[in-house]
Structures are given as structure tokens and as C-alpha cells.
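To start, the structure itself, in C-alpha cells.
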Amino acid sequence: MKKKLLTLALLLVLVLAGCVKTKSEVESEGKEEDGKGGLNEKVQIEVLGMGSGEEDLNIVRDQLIKNGFDVKLNIQPDYGSFSAQKDAGNFDLALSSWTTVTGNPDYAVRALFKSDGANSLVKDSKVDELIDKASTETADEYIKTYKQLEQQLVTEKAFIAPLYNSFKAQGVNKEVLNPDTVRLAKSRAIPWETIDFKDEAKRTTEPLVTQQAIGDLTSLDPIKGNDGSINTLNTNMYVRLVNLTDEDEVVSDGSLSYNYAMAEGNSDYYFLLRDDINFASISNEKAIDTGERVGAEDVVFSLERAKDKDSVPDHRTYSLHERIKSAEIVTDLTELKNAKQSGSEKTILETLEKGLDTKLSGVVESKTKADNSKGNYQVVKVTTTEPFPQVLNYLAHQSAGIVSEKQVKSINTYDVASFNLDKDIAYGDQRTVTEGATYNNHLYASGPYILVKKNDYQADFVKNPGYRTGSEFEPKISNITVRFIDDSDSALSALRNGEIHLFNGVPETKYDLVEADDNLLLQKSDSNAVTYLQFNTAGRKVSESENLRKAVLFSINQDEFLNYYQGNKKKAYSTVSPLVDTGNELVADSDKVKEFLEAYQKE
Amino acid sequence: MKDSSNNRHALVISKDYPQANFTWILSLALAAIFLWNSLATKSGEMNLFVFALFCAYTLTSIFQLFITRKMKKDLLNTGEIHKTTRRLGYVQLASLLTGNIFAAAFAFNLINKRKTPEYTFAVYMLLTQLAVIAISSVNLFKPYVSDTFLIAMGSLLLIALFHLVALILTVHYVKEYSAPRWMSILAVVLMATAVTGNLFATLLGWSLFMKSRRFDSSRLLKWNVMWEKITRNSTAVLGMFFILLMLTISITSRFTFDYALAVENNYSAILQAPSLVYPFGTDNFGRDVFSRIVFGARISLLVGFASTILPGLIGGFLGAIAGYYSNRIDNWIMRLLDILYSIPGILLAIAIIAAFGANTVNLIIALSVGGIPTHARTMRANVLMVSNYDFVDSAKALGASDFSILFKQVVPNSLAPMIVKSTLTIGGAVIATSSLSYLGLGVEPHIPEWGNILKVGSTYLESNSYLAIFPGLAIILLVLSFNFLGDGLRDALDPKLD
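Protein sequence lines, in the order shown, are assigned to chains A and B. For the first sequence, this note's numbering begins at 7 and goes up steadily by one. For the second sequence, this note's numbering begins at 1225 and goes up steadily by one.
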């Protein structure tokens, strides 16, 4: 019995041994002799990231390990601790992302890669030169320059290793909202005034409920913030000279201007202002029309303070506007008649008048005298320090929102140099709109909506009663509630159970859930968000050795990222990729990795 | 009349009858789960493999019900279970082929009328070995197996065969208080096979060794009574079985599983539903969830044991000192520990991890610190009680030093409640480990750990629910097993329950 069993077991083992393949057999089938003896010691790479980028970090880790590196992950729970680690230099590679909210390539590179850029770790004279050169060029000319810039940044010097370009996805409750009225733009924040309910009778009775992740608002003064906490809010509270379309073209639709024109030489820009927008303010939690018109004086005031670093304490956006030399009110109609439009034989006046019912009979200095129906208009002229066509994109950015000169001056009475956050209240301070003892809403909104109050959970907005009444841009829905929901999965649940009507930022792996839901519509569009790995440029092995950086660069396989995100990402080569089609592509190459690693070992 | 009431009593005190009931109910419940799974597929088609399992389990439970009825009749008529009924156990052994451990364990129990602890050890030793082989052989469906797979599997098979032989020998030769002398050799070899982690072999080996070497009969009696109490509790034994199975798997997986499948991303196999190649499916990075859970058992057990033993030693030492020496020392130690006790354990762990970084050693330390006060309290209470006993006074009268009295007389006699407490806290430690990983504070995210796997699963709860179900089940089963075993140990070790 015992012997029989033993022989049986042995037989079984033999049979099994015949039909299974072991790992080394499978691996040796694929390759010939593997030259693994070359590297005596694995190079350790420390990758820094946030908990929210855990998936990307894992893919990077996997790719680096498969290419013979040793990887140490440094995962920080939030942005604060991530920046602290980054500032301390505790990384070789930092997982970073960038969204070009202005829709122009200059913004995508200036702050990030220029030697004196606010967020730049790169110091390279050729990079600086190319960035400056491209900024003065028009859209057709700069493709070549940006291509060169990308090659210098990535292939030549390997300052960054690009990962992917994301899509934007927005879930809309189509049972409540009319999805045709909900826009999804590539760069700009969503405009609320066009959104309408499916049942138009609900416009005044029901609020539109939308969502954003951050509830701690940086500032409601447009120039004092440029981040996810206020971009959408300030975009809808302050009107601008121009706007971006969903495809990032600069237009006057939905802005303070009828038309705009760029004069010959690409340094002078003219804007013809409307007279049908008034500032709104809040009284007893209701929006009232202040009767004060949004005029050229406010535009000049807003742009002057936007470009002036010292106009407010903690100015966060002056670098966007530093190319503006001056903004002034045009008082002489002959200037418009004489000046020519850039690249055309038309005069500025002709361009500005296009499509107007009442042509210009005069330009006035004071906004109280402007009356468009009688032909009296206000025109603003913006001059740049050098030819800089992309200034229009910056003027479409929320930081170029128009504030009331009278109101801001009456609130900001403090001395900028000795500003004390605990004592002085600046215009747009979130404490003045937070429920409780500090509540004292002093906002003057030039845009379609105005913030009434906020708490930790939501912010309530009402429509501006003096905003383009009777036109197609008059806000449709009277009340808007913005819920602060931090976690995207929770926000998705809120959308699906009807708690919110609109959710911008559906995670890539959850598209099918939204698509499968009968009540929801998934809107998808391109975006300017690029995720990339930033190399440490000081004090690390990767900072010293170009070869090591390149070895890391060629380990990155973007196809695997696309696979992981189920095709819901696009390849990118740099932060410029979504804006300019340069044709560059990063191809993973393990042979090159070996080559560069060997070169590094010899250094 | 008197006879029938006697028989009714026999039915009530019978150990086999409740287990028989427990077995058919559990088998039927499993069958129902399989039926639901075979029908509720997304494509609407029936899953034939799962349906076959449903049929097998239904058959098993029907047959089990039949046996149960027969047992009841036997017990009511004659007061004991007939030989023919016991023979049916051999048939029920076939349920082992379908992986029905409960039915198989019952069958083994039924076959043998006179159950020594050695018999139970031998049965569960064999079951553990077979279960490990079954789990490891799932790897045969993979495109390739690890290099050491064949050798490891061969050894496991041989050991299983040896265990079977040991079982048969145990049935034939081992008596209540003695065993043949030659069995001590068998015992030593058995203990050697426990390197696979199958500690049932150690227990059996030690037990046989004691009996074959004719150890002191009072010691044997104590050993027998204790293990009889534990093995009488079938849930406790099942708990112990699962814990030791996990232990064995986590040791043998080193040779039978390929670690790369658990950690390396495979983008061509992302989010695959469970199949033969990937029994528990694959996760969002294309990693095999089955391998991940198997490797995850290692960390869960390691952290669970270590973060119980460490505070057990430290807390036990402090508690013993506090309980034995003067009021002043007692007050100092216990008040300081009270301060520690007032900080919520999991918060303390989070703070430690946040400060010193996330890795296994820090995880163990973080979870251990919070457990010290409770262990100290338990030990102190026992020492206070035991130090008043006569034998302690005798030792004092004989002039033994305080230190030697404390650690030679008092502490060994205070250990039983500590063991029970530790067993029950391991479950908590396993949950705490997983919770911390789930919160992103445990081990690195790519390392297979049950909390990590569950975290990935939680985001796919709706679309790929299996990603959360299997690690969740693993955690539940392990914690439940520790709790059942702890209950069994308490029943066996607590003198008050005698």
C-alpha cells in the first residue's frame, strides 16, 4: 500500500514536471544571453509624490525596477508636506503636474523652466533663450522654437521626464440640467451664466449645486490667488476684457468688451467696452445692483494693480502680467482711425466696430458719460513692454478680472509694507464671507454671480442683477451652491445620488460608471494638464549626471501609463505638448537605459 | 422510560452530533453561495465550474444530513453511534476532494470512536498539509511557475504522505496514556516536518514523544485534559487550523509562489475577473490578487504576532513587578501606564508612523506601544492573586529570593490568562495592521498586504467587487480564527470554568 502510494506520487511529480514551465525556462526563451553581470551595484532613485498620485508612483517604480534601478518611494499625504520634502531636496524625482489655465504655451514654460521662474529648478541659458524667443513669436512661428525647447529640456539635458497629458471629464445630471448649456473648456474654468435647468421654471426656485475640492479659499481678490480653490469662483465673480473659447481661442464673447484688436507691431491692444454691466454687492444676504457701472476706469485700475508686485500684500499673479507696460483710456477717436490692425489693412476702429448696431461717434473718458446707444463708447488700450501676442491669454485669465476701483480702494486702506494679517482686512479676505462673527461681505462683483456666504461645507452664490440683463449672457439660474467635497470618489457618489448636479473631475477609472448611469452624461475634452517627473537639480547624483538622468528618462514607458488609464490619457513630451503640436515623442528604450547607466558607472 | 431519558441525555452530551449539524448547515450555506455566484455572472451565462461546485456541496450536505439523522436515531435508540453509521464517515471523506474541510474534519471525527488528542492533531496535520498542496497547485494554471516549485511541491507531497502514515500509525498504536517506545523516532521526524509551519506536526510529535518516553503520568493527564477541552470545541480547532494553514502557506509560498506575480505590474492583464489562471482576479495594475493575498498573510501574521508578543513581554514584565513588589512601585508603574492607556491606540500608532515613516518595523513598534498597558494590567491582577498562594509562602519560608519567587513560581502560574489575552489581541493587531495600510500609513503600497489590497479594492467596489471581497474575507477569517482559538484556550485554561 505504502509503496504503491509512493510510486504513484513520484509518477505524479514526474508527469507534472513534464508539463509545467518554470520561470527561468520562460525567461530564457525570450532572450539570448543577458548581460546582467555589467552592473555591480544598483542605483537607488528616490521618487517623491503625494498620496493622490500613488498609481503613477507605482507605475514609475515598476518601470525603474524593471530597468535595473532600486527605487525608494517617498509618499506624502498632502501638498503641504510634499512641498516641504521638495523644498528640502529629499528626492531624485518628484511627481509633478501642471495645468496651463491661460491656454498659451508661454505660461506653460515660463514659471516652470526659466532660470528666474517662480517654480523653476532648471538653470540653463539655452532654455532661457528659447523661452524668450518663442514668447515674441506668433503662433505659426513658435512651433519650431518650442520644438527646440522641448528637445533641450527632455532629450538633450533630461531636466524632466514626461508621463502623460490628461483629459478633462465632467459628469452632468441630465435629468436636472440641460446638458447643452453646460460647457467644458480645455483651459478656462466653467462659466455658470450659460447653465440652465431642463425645466426652466426652476430657474428662480431651485439652486444649481456643483462641487469643488478645496473649501479654504485663498482670496476673492482675483490677483491674490491662482489655484483650484478660487479659479472657478473668481472667474464667475469678475468679468474680464476677453475670454477663451472651449478650444482656447481668445474672443470677446461673454466679456466686458464688444471687440478687441491688436495693432501693428504686436505691442498695442485695444478693447471696446460694453456699458451694460453693473457691479453687484450683498445686502442682507441678497444681491443688489449698486448702480455703479463697470467701466474703463475700473479696467485700468485692475490691470495696473495686477502687474504691480506691491499693490497688495501676498500678490500671487503679478508675474503673469509683468509684460503689461501700461493700460490707459483712449480719449481721441482719431487714434483708432489712424492705427492699423496687425497683419491687415483694416484700421483698429473698423475692427472694433464690427457687428455693432450703433457705430462709434465718440470715445469718452468717464464711464458715467458712456452711452452705447448714442454712440458714446469707452476704449481701453493696453501696451506691452515688448511685442507679446500671448498677453491676450493672460487678460482672459481670472487674475485679470475687473474689480471696482471705488470699493477696493475703500477697503484696502492699510499700508502694504506693514500689512498685518491678524489686524488688517484686505479686499476679498475669505473671513469676510465666512458665516460667523467675522462676516461682513464687502465684495463688489463685476461678473454674473456674487458670493453671499460660505462655511466649511459650501459656498452660496446669487446672480448679479445688473449683469447684461435681457441678453443671452444674463445668468439663467438665480442661485448656485458650491459644495466642498475633497475626495473624488465621494464627489462621484454625490453626483450619482443627485446631491450635486455637476462634477468636474471624474477619475479616469470611473468613466464607465458615469456612462452607465441613465441620469448622467459624461462630457470629455482635452485639457492642458500634464504630469511629469521633475529631476532634482541640486545635491543629488541625478543632478550631477546627465547620463543617469537619461537612463531614468528612457525607462519611462508612456504606453504603459495609457494602458493603465484604459486609454484615457494622451502622450506628452513636455508641458507645452497639449498647446503646441511639436511632434516630439518619448519612446522607452531599455538598450539606451543600459548604455547610459554604463556611461554613468564609468563617470 | 428511564432508558429513553438516558438516551436523550446521550444525544445532548454527544460531541459528534452538534458537529454533524454544524457541518451540514455550513455546507449548505457554501452551496448557496456557489449557486448565487454561478448564476450571477455579468454575461448572464451560467458559470459551469462554480455550478459543479454547488452540486458537489449540495450532495455533501444532503449526505451529511442523512448521517446526522442516522446519528440522532442511533443515539436515541441505543445511546451510542452505530458502527455502520461511523463507517459512513469513510464515504464522507470524499468531500475532501471538493475542498470541503468542514465535512472532511467531521468525517475523520466520526470514523474514530475513541479520540485521543493525537488523533485530532494527526487529522488536522494531514488536512493542513493537503490544503497547502491544493492551494499551491493552483499555480499550475499559471503560464509559468517559480523555479523551486517542483522541488517544493514534491517535498510537500512526500511530507503529506508521511503524515498520512503517521495518522494511520497513531490510530493503531497510540493509547490514552501510552505509546510504543519506537514511536519516539516517528515523533522526532514529525517535529522536523514542522519546518513547513505546520505546527500540528509539532503538537503531535511532542505528544507522541511524551507518551512513548513514558513521561510522568500527572503531566500527561494535564496535557490530555487541556487538549481534550480544546479539541472538543470544534470552532476552536477550525480556528487553529486556519491560523496554522496561513502560517504554513506564508512559509511555503516562498518556494511555491512567484513573488513577481504579486508585485510586478502587468498591463496586459488589468482588472481580469477570477479565472483558473487568476483565481481571485487581477487588480488595477494586473497583479495576481491570489498571489498577493498569499504573500500578504506573511505580513499580517508577522505584525500580528510580533505586536502581541512584544507588549506581552514588556507589559507582562512591568505588570509582574507592579503586582509583586510594594505599593509605591505598583503605583509608579501603573499610573505611568495609565497615562499611556489614556491615549487611543490607533491614534498613537498613526502618530508614530507619521513621525518615523512607514515600514514593517515601525508598524510593529507603533502597534506594540499601545498594547503594553492592557497586558500589564492582566499580568498584575494575576500576580496579585497568585502571590497569596501557599506555595509562594513556602518558597518564601525556604528563603528563596524575591526575584526567583516572582519568575520561577508566580509568573509561570499567571501565564494562562496572558496566553488567552494575547490570542484575542492578535486579531485586533491584524485588523490594526490592515487599517493602517488601508489609510496609507502601513507598508509601501505595492507590497502585498491585506489592508493594501483592500484599499485598491475599495475604489473598485462597484465594478470589480472581487478585489475587495477576497482580502476582506481573508482578514475576517484570520481574525475570527484567532478569536475562536482564544475562546477555546480560555475554556481550557481558565480554572474557574472547570
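C-beta: ideal position from N, C-alpha, C; glycine also.
In three-state DSSP terms, what is Met1225 of chain B?
In this prediction, Met1225 of chain B scores a pLDDT of 46, lower than 50, which makes its location untrustworthy; no coordinate-derived value is stated.
To the nearest angstrom, how far is it from the Cα of Ile1629 of chain B to the Cα of Ala1573 of chain B?
36 Å
Since Gly1539 of chain B and Ile1596 of chain B should fall inside the 8 Å C-beta cutoff, what is the C-beta to C-beta distance between them, to a whole number of angstroms?
4 Å
Check the DSSP bridge columns for Ser172 of chain A and list the partner residues they point to.
A:Lys575
Please report the straight-line C-alpha distance between Arg1604 of chain B and Met1558 of chain B, rounded to a whole angstrom.
9 Å
Whose C-alpha, out of B:Leu1283, B:Arg1232, B:Val1607, is nearest the C-alpha of Ala1253 of chain B?
B:Leu1283
Which residues in chain B sit within 7 Å of Thr487 of chain A, going by Cβ to Cβ distance?
Per Cβ cutoff of 7 Å: no residues; Thr487 of chain A is ~27 Å from chain B at best.
Residues in the stretch 1336-1369 of chain B with C-beta within 8 Å of chain A's C-beta atoms, listed in sequence order?
Leu1364, Pro1367, Tyr1368, Val1369
Under 8 Å, CB to CB, which of the residues in the stretch 1679-1710 of chain B have a partner in chain A?
Thr1683, Tyr1684, Glu1686, Ser1687
Enclosing alpha helix (DSSP H) for Leu247 of chain A [first to last residue]:
Neither: Leu247 of chain A is in no alpha helix (DSSP H) and is coded neither H nor E.
Short Cβ contact (8 Å threshold) for Trp1248 of chain B with Thr1292 of chain B
yes
Asn382 of chain A and Ser372 of chain A closer than 8 Å at C-beta:
no
If we ignore side chains and look at the alpha-carbon of each, how far apart do Arg189 of chain A and Tyr85 of chain A end up?
29 Å
Opposing strand residues paired with Glu334 of chain A [DSSP bridges]:
A:Lys387
Distance check for Gly1675 of chain B and Phe1541 of chain B, CA to CA, integer angstroms please.
32 Å
Going by DSSP, what residue range makes up the beta strand (DSSP E) through Asn265 of chain A?
263-268
What residues of chain B sit near Leu79 of chain A, judged by a beta carbon separation below 9 Å?
Glu1668, Pro1669, His1670
Indicate the three-state DSSP secondary structure (helix, strand or coil) for Val160 of chain A in the structure shown.
helix
Please state if the CB of Thr353 of chain A and the CB of Ala345 of chain A are separated by a distance shorter than 8 Å.
yes
Presumed contact (8 Å Cβ cut-off) between Leu1500 of chain B and Asn1688 of chain B, rounded CB distance:
About 18 Å; that fails the 8 Å criterion.
Do Arg209 of chain A and Lys482 of chain A count as a contact pair if the criterion is CB distance below 8 Å?
yes
Which one of A:Trp104, A:Asn265, A:Val385, A:Val488 has the shortest CA to CA distance from Thr340 of chain A?
A:Val385
For Phe425 of chain A, which of helix, strand or coil comes out of DSSP?
coil
Applying the criterion that 16 or more other CB atoms from any shown protein chain within 10 Å of the CB defines a buried residue, is Glu411 of chain A buried or exposed?
buried
Compare the C-alpha of Pro1367 of chain B against each of A:Phe567, A:Ser416, A:Thr581, A:Glu31 and name the closest.
A:Glu31
Looking only at its own chain, which residues have a Cβ that is under 6 Å from the Cβ of Leu527 of chain A, when we skip the five neighbours before and after it?
Val178, Lys180, Pro185
Of all the options B:Val1680, B:Ala1460, B:Leu1534, which has the alpha carbon lying nearest to the alpha carbon of Leu1663 of chain B?
B:Val1680
Would you please state the rounded distance, in angstroms, between the beta carbons of Ile1454 of chain B and Leu1713 of chain B? I believe it to be under 8 Å.
7 Å
Sorted by chain position, which residues of the same chain lie with C-beta nearer than 7 Å to Asp295 of chain A's C-beta, five sequence neighbours on each side aside?
Asn284, Ala286, Pro471, Gly472
Using a beta-carbon distance below 8 Å, is Ile1494 of chain B in contact with chain A?
yes
Using a beta-carbon distance below 8 Å, is Tyr1491 of chain B in contact with chain A?
yes
At what residue ranges does the stretch 1346-1412 of chain B contain a whole run of the alpha helix (DSSP H), taking only runs of 4 or more?
1373-1397
Taking the alpha-carbon positions, what's the His507 of chain A to Leu214 of chain A distance?
7 Å
Taking its Cβ as the centre, do 16 or more other Cβ atoms sit within 10 Å of Gly301 of chain A, making it buried, or is it exposed?
buried
Short of 8 Å in beta carbon distance, which residues of its chain neighbour Leu342 of chain A, apart from the five on each side in sequence? Order them along the chain.
Tyr276, Val336, Thr353, Ile354, Leu355, Leu358, Leu366, Val369, Val385
Extent of the continuous alpha helix (DSSP H) to which Met1609 of chain B belongs:
1596-1610
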